[in-house]
Each structure stands twice: as C-alpha cells, then as structure tokens.
DNA sequence: TTATTAGTATGTACTCATTACAATAATATA
DNA sequence: TATATTATTGTAATGAGTACATACTAATAA
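Residue numbers (the working numbering), protein chains in the order written: chain A, 3 to 139; chain B, 3 to 139.
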C-alpha cells in the first residue's frame, strides 16, 4: 500500500470522505517530523494544490485531531502545531530556535495522584530548554 | 509574614522592584488555583487598581515567568494561562468546560530517551479529558 | 526642597493566528 | 441527468499579544 492509499484508508476508517485536500494534508503530516503549523502546511502544499486555502487547512487539521488521526500541540508561541504521530511520545521545544523535537517517554511509569475521578483521554509531556545545535553555538 | 510582605520579599529576592501592580499580580497568582489568563487577572484586579492596563499585566506576567516566580501554560485554546505554583505538578484541562486542574505527579519516575544532548529547563505534563463535574452531567 | 535620572505604567495602534460566514464547487445518490 | 449533501474558497471579523511613545513614580543628588 503506497502513501496515498494509506492516507485514504485511514480517512475512510474514520468515516471522513477522502478529498484531495484531506489526503494531501494527512499524507504531509505523516511524513514530516517538523510539527508544522497551519502556515507551514499551507505553504508546503500550495505548489501541489494551487487553490488550497488556509480556511481549508484549518478545517482539515481540526477534523484530523477530532478523529484522532493527528495531535495538536502548543509551543511557547501561541501557534498550533500538528503531529500525525499519535503514539505516546514527548515533545521538546528549544527556546532559542523554536524547533520542536520528539523523544521517547514511558508514560506508563508516571504516577499521578488526584485524577481518580477524571476521564483522561490525552497525555502530553512537554519539555523546554536548549537543543544540541543551539548549545554548540 | 503576611501575603503582601511575602510577595514583596519574593520580588526583592529576584531583584524586581516591588511596584503596586507587581505585588498585586503576584499575590493574586499565589492565592488562586484558577490558572488565570491575562484577561482574568486584569478583570479581577481592576476594582483594586482602577488604572491597571492590560499592557502592564502582560509585561508583569512575562517578568514573573522569566524570573521563575510563575509558570506559563497553554491550554487547548491559544491563550496563555499563568500559575504561581512552580513546584513539579501536572495540569489537566477539561475539554468540555475548559477548566484547568492541578494534580500530583512524580516526574522523577519518567524515563526519557533521546534527550541526552539536550539541556532541559522545564518539564510539563499536560492531560486532557473530562472533569468529574462535567462527567456527572 | 528642587532637579535629575532610571525604572514603571498607560493607552493606542498594530500584527497575526484563528474563526465565521456566505458563496461557489465537487461529489454522492436517486 | 437532477437533486441533495458535503467540501472548499475568499473575505471579513475577532481577539490575543506586542511595540512604542508618552506619562508617571520613586530614589538620589545638589
């Protein structure tokens, strides 16, 4: 199964009609480690879909997050970043260059107290600091 | 030592001159569990300081975060929330009512992989889901 | 006391991410 | 095909956050 087919079947599995915009956006999110913003998604896909509007990108990423096909995260800027890797992992944002990195984390080991009566649906671990590249400068 | 004095000495310990606005904002943050936004801080303190501007609130909370006297967190809306509790603890945001709760978490147990060459200065654990009050409705 | 200076607060205007909405286009169903 | 439903587009509006110039306050020196 190639990339496009896999995006289509993912969308179908969530009862989302696979339009060109949706396929391309999901496919793009699945094959980047950049945690792109709406702006970045729009800019990257515009050559392939010249009529793509930002409104569509906003609507589509919202749809993907709601369907559990993507994850929404906020960095220290007030701008939404999207990630199609929905497995358990942490995010690290460099406060100097703003880049967001993934890292492995064992959330199962985390002991929490006071959440007994809460229905937790999403667990995020978000670290901040300086990345190796910025540290070496 | 009363509340005002404790806010003043906290500010002094960070070499921040304790003006009325700074004292009141830090004091307010220290005695709420609401994780207020700039809007909420401004509205709450306006009766006490009728001339307080939002620009001052923005500047002051930025100062407090930079000095390590407060913590900045983003919920699922693109709006900054502030918390003067700088001890290790997690945050839970209810996706229905938007309220943010604190919970105890043992971050020392968290095993991470891939951050060996990163300088981590801040660790956040952010959960989402439904709170007991919304669950019971 | 007055003058000077540095630090603090204010208000306005601006930027920019996000959303609302109405109009148009595309797709599915009969 | 015709019709209903859903998707996309563009524009206008909202609202958080910032920049900046002005006004204020407090401390120090003369």
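Beta carbons: idealized from backbone N, C-alpha and C, even for Gly.
Only a predicted model underlies this, so the values are computations on that prediction, with no experimental measurement involved.
Residue i: first and last residue of the uninterrupted alpha helix (DSSP H) it sits in
i: residue 123 of chain A; result: Unbroken run through residue 123 of chain A is the beta strand (DSSP E), 121 to 132; no alpha helix (DSSP H).
Alpha-carbon to alpha-carbon, residue j and residue i
i: residue 97 of chain B; j: residue 48 of chain A; result: 32 Å
i: residue 38 of chain B; j: residue 21 of chain A; result: 40 Å
i: residue 130 of chain A; j: residue 109 of chain B; result: 14 Å
i: residue 34 of chain B; j: residue 79 of chain B; result: 20 Å
i: residue 122 of chain B; j: residue 132 of chain A; result: 7 Å
i: residue 81 of chain A; j: residue 27 of chain B; result: 26 Å
i: residue 30 of chain A; j: residue 127 of chain A; result: 24 Å
i: residue 74 of chain B; j: residue 137 of chain B; result: 27 Å
i: residue 59 of chain A; j: residue 36 of chain A; result: 16 Å
i: residue 124 of chain A; j: residue 111 of chain B; result: 19 Å
i: residue 139 of chain A; j: residue 65 of chain B; result: 26 Å
i: residue 32 of chain B; j: residue 86 of chain B; result: 5 Å
i: residue 12 of chain B; j: residue 67 of chain A; result: 41 Å
i: residue 45 of chain A; j: residue 77 of chain A; result: 20 Å
Per-residue burial, residue i [other beta carbons within 10 Å of its own, 16 or more giving buried]
i: residue 102 of chain A; result: buried
i: residue 62 of chain B; result: buried
i: residue 70 of chain A; result: exposed
i: residue 19 of chain B; result: exposed
i: residue 50 of chain B; result: exposed
i: residue 90 of chain B; result: exposed
i: residue 24 of chain B; result: buried
First through last residue of the beta strand (DSSP E) which encompasses residue i
i: residue 73 of chain A; result: 73 to 76
i: residue 83 of chain A; result: 82 to 85
i: residue 110 of chain B; result: Taken as a continuous stretch (DSSP letters only), residue 110 of chain B belongs to no beta strand (DSSP E), as it is neither H nor E.
beta-carbon residue i near the ligand GTP non-hydrogen atom, thresh 8 Å
i: residue 38 of chain A; result: With respect to the ligand GTP, the structure offers nothing, as it holds no ligand at all.
Neighbour list for residue i in chain A, Cβ cutoff strictly below 8 Å
i: residue 124 of chain B; result: 129, 130, 131
i: residue 80 of chain B; result: 76, 80, 81, 82
i: residue 134 of chain B; result: 119, 120
i: residue 107 of chain B; result: 112, 113, 114, 115
DSSP-derived helix/strand/coil call for residue i
i: residue 96 of chain B; result: strand
i: residue 33 of chain A; result: coil
i: residue 18 of chain B; result: coil
i: residue 69 of chain B; result: helix
i: residue 39 of chain A; result: strand
i: residue 50 of chain A; result: coil
i: residue 88 of chain B; result: coil
i: residue 139 of chain B; result: coil
Within chain B, partners of residue i - CB distance below 7 Å
i: residue 92 of chain A; result: 114
i: residue 137 of chain A; result: 121
Neighbouring residues, chain A, relative to residue i (Cβ below 9 Å)
i: residue 28 of chain B; result: In chain order: nothing, as chain A lies at least about 21 Å away.
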